[in-house]
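Below is one structure, written out as structure tokens, with a few remarks after it.
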Amino acid sequence: MDPAQRFKINKEIVYREEDDGAFLFDPDSGNLKYLNPTGKETFLMLEEEGNVGKAINHMHREHPDVDQVQIRKDMEIFLEQLKENGFIFPEHGE
Amino acid sequence: MPTKEPTFELSSLYIYQTDSCNLRCSHCWISPKFSQSKQNDLPLDSLKRTVTEAKPLGLQSVKITGGEPLLYSELPSFLSFLDAEGLTVYIETNGTLMDRDIINHFKSSNVKQVSVSVDAASEKIHDEIRGVKGSLNRTLEGLRLLSKAGVSSQIIMTLQQKNRNEIPGVIRLSNELGAGSLKINHLIPTGRGKKAFARGDNLGLEELIGLCRLVKEKYPRRENLEIIFDLPLAFRSIDAIKRGGTRDCRILNILGILANGDFSICGIGQTIPELRMGNIHHDSVSSVWNKHPILKELRQSLPSKLEGICQDCIFKFQCLGACRANAYALSGGFYTPYFLCQKLFDAGQFPSSRRIKRVVEP
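Taken in sequence, the protein lines are chains A and B.
Take the first sequence: its position 78, counted from the start at 1, is 78 in the numbering used here, and no numbers get skipped.
Take the second sequence: its position 162, counted from the start at 1, is 1162 in the numbering used here, and no numbers get skipped.
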């Protein structure tokens, strides 16, 4: 995973926050994804920074007790799921 | 990228093998005729042929329901056949006719789950709702035998005014009887349920939501008993959605077969004849599944034509408007919003986090 990779959030999607997580919903495809509190935090960070590396650094700072390699792996899986659902797009293609 | 044509597998058949029942439940949405004698409404050969024809359409499971399915005299043979076909079988019964013989058939035929109705731990209340004295004791006896045989069971309770205080008792019974889950349903205003609503037997929206919260708080998830409060997705907590998923009625992937052989979208054809779509005695299941205008319309129009709050709900692609049979029974159309969700919206309580339109909170 390239930490410099930037992502755009699909502008058509609906993001709805709840106390214990959030939902992402695409009104066109009907795709729906529940984000747990960590996923919610990551998504918001990605939306703000648009950059994978910055989002990973943020997670490192916020969760110093979690293994860094694990954070990277989890981030990779998470981003893949968001891409598959059409919630985010890589800015310069792949 | 080319758009993939959506396909609709017939993943499950709901078979209403008899239109008779040995109980007279005040809330039944099917309204079967009362009978205590064994029935043979659906010829076994026709049923077997239909199941065999349905397999290439994607058939994976069969739900055997009713009427009371244990009144169907060919049930043991049919179960053996379904097992040999490798299909997953679910049974819904009032449990009063379960004896060692039939339970042995359940076990030897690898029935996945037997769902049994228990509306109260109080004999008086259960029997009053079920319309036949002694029914609770017979049901509990059947459940004990089921548990002893190691067959997986689910208890189903339909909430109404009469049994609104019975949830703790039914949870206790479910635990004692080793049930894997307890499903708490709300009353549906179709069949006899229509009269039950007219009598005011149903619980109000506030009360349903309150009981749902109470159950969640008082009975946190235990390893051995899953409690499923069966309300539309919009009502459910994130935790309940995570555990139970986001799909309930799979209206686009099921087909009902009524006791006279008629196909329908589910059991609703029993009370609404216009929702019948051919008959197993003279129509092939594939022609009905692939060509019937009702099914084609539903596939093209759900969820896009849903109305009211259902159109604005983020769960609409999964929920598909909860029970469309109920919507049809109430309005004569498939697309009116689910009555409970619309009530919730009209009362200003539909969660803004579950609406597509952004709502600015005051």
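A virtual CB, placed ideally from N, CA and C, is assigned to each residue, including glycine.
| Item | Value |
| --- | --- |
| For the alpha helix (DSSP H) containing Arg1324/B, list its first residue and its last residue. | 1324 to 1331 |
| Do the CB positions of Ile1171/B and Ile1228/B come within less than 8 Å of each other? | no |
| Which same chain residues end up closer than 6 Å to Ile1268/B when comparing Cβ atoms and leaving out the 5 residues on each side of it in sequence? | Leu1275, Ala1325 |
| Give the residues of chain B in contact with Gly53/A, contact being defined as C-beta atoms less than 9 Å apart. | Neighbours of Gly53/A on chain B: none; closest Cβ ~29 Å, over 9 Å. |
| List the endpoints of the continuous alpha helix (DSSP H) containing His1105/B. | 1100 to 1108 |
| Taking the Cβ atom as the reference point for each residue, do Leu1010/B and Asn1253/B lie within a distance shorter than 8 Å? | yes |
| Answer with buried or exposed for Ile61/A, where buried requires no fewer than 16 other C-beta atoms within 10 angstroms of its C-beta. | Ile is not the amino acid found at residue 61/A; the sequence shown has Arg there. Label assigned to Arg61/A: exposed. |
| Between the beta-carbon of Thr1158/B and the beta-carbon of His1027/B, is there less than 8 Å? | yes |
| Based on Cα-Cα distance, which residue from Ser1287/B, Cys1021/B, Leu1042/B, Gly1131/B lies nearest to Pro1032/B? | Cys1021/B |
| What does the alpha-carbon distance come out to for the pair Pro90/A and Met1/A? | 12 Å |
| Using a Cβ cut-off of 8 Å (strictly closer), state whether Ser1353/B contacts chain A. | yes |
| Taking Cβ-Cβ distances shorter than 7 Å, what residues in chain B pair up with Glu18/A? | Ile1238, Ser1353 |
| Going by beta-carbon coordinates alone, are Ala945/B and Gly1193/B separated by less than 8 Å? | Residue 945/B lies beyond the stretch modelled for chain B, which goes from 1001 to 1362, so this question has no answer here. |
| Which whole-angstrom value is the C-beta distance of Asp1230/B and His1186/B, which I expect to be below 8 Å? | 7 Å |
| So for Ile1025/B, helix, strand or coil by DSSP? | Checking the sequence, you will find Cys at residue 1025/B rather than Ile. In this structure, Cys1025/B counts as coil in the three-state DSSP scheme. |
| Residues of the region 1309 to 1321 of chain B in Cβ contact with chain A at a cutoff of 9 Å, in chain order, please. | Ile1314, Phe1315, Lys1316, Phe1317, Gln1318 |
| Measure the C-alpha to C-alpha separation of Ile1155/B and Leu82/A and round it to an integer number of angstroms. | 38 Å |
| For Val1151/B and Arg1100/B, I'd like the C-alpha separation in whole angstroms. | 12 Å |
| Using DSSP's beta-bridge definition, name the partner residues of Thr1093/B. | Val1116/B |
| Which of the three DSSP states, helix, strand or coil, is assigned to Phe986/B? | The first residue shown for chain B is 1001 and the last is 1362, placing residue 986/B beyond what the model contains. |
| Which of the three DSSP states, helix, strand or coil, is assigned to Pro1232/B? | coil |
| For the region 1239 to 1266 of chain B, which residues have a beta carbon sitting closer than 8 Å to at least one beta carbon of chain A? | Asp1239, Ile1241, Lys1242, Thr1246 |
| At a CB-CB cut-off below 8 Å, which residues of chain A make contact with Ile1356/B? | Val14, Phe25, Pro27 |
| Identify the residues that DSSP records as bridge partners of Cys1249/B: which are they? | Partner(s): none; Cys1249/B has no beta bridge. |
| Is the distance from the Cβ of Gln1270/B to the Cβ of Ile1030/B below 8 Å? | yes |
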